[in-house]
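Student: Please find one structure pasted underneath; my questions will follow.
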Amino acid sequence: MKAIIQTGPSSVETQEREVPTPDADELLIKVHTAGLCGSDAHAFKYDGGYEWIPIPRVMGHEYSGTVAEVGDDVETFEVGDKVVEEPIHDCGHCFQCRNGQPNVCQNFSITGMHKDGAYAEYVTVEPRHVHAVPDGVPLDHAAITEPTSIATRAVLDQSVTTPGDNVLVEGPGPIGVLVAAVADSLGANVVVSGLDQDAEYRLPLLDDLGIDTVNVQAEDGLDGRVDSQTDGIGFDVVFDATGHHSGVVSGVDVVRKGGQVVVVGIPNSASDLSLTSAVRGEVDINTSYGSTWSNFEQALRLMERGEIAVDKILDTGYSVDEPAAAFEAFLNSETCKPVFQFDE
């Protein structure tokens, strides 16, 4: 089978690998579509905090596919079922898991990082990590269930967003776009901020989704939007999806007193955030990491209802045989959600 292998820092290539054989308690999944996200890009570059990832390995953790083979001890799925995997595997027995917080499990492992992943024609997985895909969700759409579940957790669980709220999403990467789409589905007044590098592809993508945008470099910051969209009061909720240490700082600057900042992107270095104004304004600063079983189900239902314009978000213009091109385009902000299609 074809598989996309990371062979070194900033180095990937497509190789031939043996089709894995499922254990008695596993499924063999024929991969249909697999997406590239920010964490894949960090792992590709071997950024700080990702040096523990083994090389070489098959990359990829967000994907959709069909069950090709069922282990002898599996009773919950059948050959031909459409499925997606929860790629962050919790241990089930640490304090966090027993406390209903499996997304921050102490002993987690991630498909495509701790072990071979889903940038391949076939992958094996235990059924407890698998969700059935509704009939109304095409397999290529289902491939972005995992990042959509991160967005549903951030908006529906970790934020106080309600219809009519003025919401700022900082960062028009894949998570920022999906957070904006979920908040928009609630009826919030959403604006997404980006930089000059986002003006060619990512901000126009959001405009096409009917979501307001602002290039903070072209408009000299966010002050104008605070005035025009919130009458100078400040945003009710700010989601920092930049993955940059400045995101939470600017979020605190433009949120209203009594508002909320939710940090979704993982900052690339320490922030120089001063909490003085946040404390005096009683600003709630929260975080959101990963997702849970229910967030996956929420994501699938939103896609089933057509609340997420997946066709516009997916970029299918990259080949399994030339994977480096997708990583380079992603890192240059020339695309937002590139996907590899293994079974077209």
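Going by the numbering used here, the letters in the sequence shown line up with residues 785 to 1128, in that order. Yeah, the Cβ is synthetic: ideal placement off N, Cα and C, and Gly gets one too.
1) How would you label Glu1066, buried or exposed, when you count the other beta carbons within 10 angstroms and need 16 or more for buried?
2) Since Lys786 sits in a beta bridge, which residues does DSSP pair it with?
3) Could you tell me the distance, in whole angstroms, from the CA atom of Arg882 to the CA atom of Val1000?
4) Do Ala902 and His845 come within 8 Å of each other at the CB atom, strictly closer than that value?
5) At what residues does the alpha helix (DSSP H) containing Thr1014 begin and finish?
6) Could you pull the start and end residues of the alpha helix (DSSP H) that Asn1079 belongs to?
7) Considering only the alpha carbon of each residue, which of Gly1042, Thr1071, Glu1091, Ser1061 lies closest to Pro1051?
8) Where Ser1058 and His1029 are concerned, what is the direct C-alpha to C-alpha distance, given to the nearest angstrom?
9) Ignoring anything shorter than 4 residues, give me the alpha helix (DSSP H) runs that lie fully in the segment 920 to 1008, in order along the chain.
10) To the nearest angstrom, how far is the alpha carbon of Ile1092 from that of Pro840?
11) Asp1004 to Tyr985, Cα distance in whole Å?
12) Got a sec, what are the start and stop residues for the alpha helix (DSSP H) Thr1060 sits in?
13) Look at the Cβ atom of Cys889, then the Cβ atom of Asp874, and state whether they are nearer than 8 Å.
14) Does Asp949 get closer than 8 Å to chain C when you measure Cβ to Cβ?
15) Please determine, among Ile1017, Val1048, Lys1041, the residue with the shortest C-alpha to C-alpha distance to Trp1032.
16) Can you tell me whether DSSP reads Ser1034 as helix, strand or coil?
17) Using 8 Å as the Cβ pair cut-off and three pairs as the minimum, do the segment 1084 to 1104 and the segment 922 to 930 touch?
18) To test your reading of the DSSP string, which unbroken beta strand (DSSP E) runs of 3 or more residues are found completely within the segment 825 to 895?
19) I'd like to know whether the C-beta atoms of Val921 and Cys1120 end up nearer to each other than 8 Å.
20) What is the rounded straight-line gap between the Cα of Glu802 and the Cα of Val909?
21) State buried or exposed for His877, treating a residue as buried only when at least 16 other CB atoms are found within 10 Å of its CB.
Tutor: Looking at the atomic coordinates:
1) Taking the sequence shown and counting its residues from 1, the one referred to as residue 1066 is at position 282. By the neighbour-count rule (16 or more Cβ atoms within 10 Å), Glu1066 is not buried but exposed.
2) Taking the first residue of the sequence shown as position 1, residue 786 is located at position 2. Glu800.
3) Translated into positions along the sequence shown, residue 882 becomes position 98. Translated into positions along the sequence shown, residue 1000 becomes position 216. Approximately 43 Å between the Cα atoms of the pair.
4) Here residue 845 corresponds to residue number 61 of the sequence shown, with the count starting at 1. Here residue 902 corresponds to residue number 118 of the sequence shown, with the count starting at 1. The answer is yes: Cβ separation under 8 Å.
5) If you number the sequence shown from 1, residue 1014 lands on position 230. Following the DSSP letters along the chain, one finds Thr1014 inside the alpha helix (DSSP H) bounded by residues 1007 to 1014.
6) Numbered from 1 along the sequence shown, position 295 holds the residue referred to as residue 1079. 1077 to 1088 is the extent of the alpha helix (DSSP H) around Asn1079.
7) As a working note, residue 1051 is residue 267 in the sequence shown. Closest option to Pro1051, Cα to Cα, is Thr1071.
8) The count along the sequence shown starts at 1 and reaches residue 1058 at position 274. The count along the sequence shown starts at 1 and reaches residue 1029 at position 245. The alpha-carbon of Ser1058 is positioned some 12 Å away from that of His1029.
9) Segments of the alpha helix (DSSP H) lying fully in the segment 920 to 1008: 923 to 926, 929 to 936, 958 to 969, 986 to 992.
10) For the purposes of this step, residue 1092 is identified with residue 308 of the sequence shown, where counting begins at 1. For the purposes of this step, residue 840 is identified with residue 56 of the sequence shown, where counting begins at 1. Distance between the alpha carbons of Ile1092 and Pro840: 35 Å.
11) Within the sequence shown, the letter at position 220 stands for residue 1004. Within the sequence shown, the letter at position 201 stands for residue 985. Going by the C-alpha atoms only, they are around 20 Å apart.
12) Within the sequence shown, numbered from 1, the residue matching residue 1060 stands at position 276. Secondary structure note for Thr1060: its alpha helix (DSSP H) is the uninterrupted segment 1060 to 1064.
13) Counted from its first residue, the sequence shown places residue 889 at position 105. Counted from its first residue, the sequence shown places residue 874 at position 90. Yes, these two residues count as a Cβ contact at 8 Å.
14) Of the protein chains in the structure, only one exists, and it is not chain C.
15) Position 248 of the sequence shown, counted from the first residue, corresponds to residue 1032. Here residue 1032 is Val; the residue named in the question, Trp, does not match the sequence. With distances taken between Cα atoms, Val1032 lies closest to Val1048.
16) By 1-based counting over the sequence shown, the position of residue 1034 is 250. Three-state result, Ser1034: helix.
17) Cβ pair count under 8 Å is three or more, so yes.
18) The segment 825 to 895 contains these whole beta strand (DSSP E) runs: 846 to 854, 866 to 869.
19) The count along the sequence shown starts at 1 and reaches residue 921 at position 137. The count along the sequence shown starts at 1 and reaches residue 1120 at position 336. No. Outside cutoff.
20) The sequence position of residue 802 within the sequence shown is 18, counting from 1. The sequence position of residue 909 within the sequence shown is 125, counting from 1. Straight-line Cα distance between these residues: approximately 16 Å.
21) The residue labelled residue 877 in the question sits at position 93 within the sequence shown. Its Cβ having fewer than 16 others within 10 Å, His877 is exposed.
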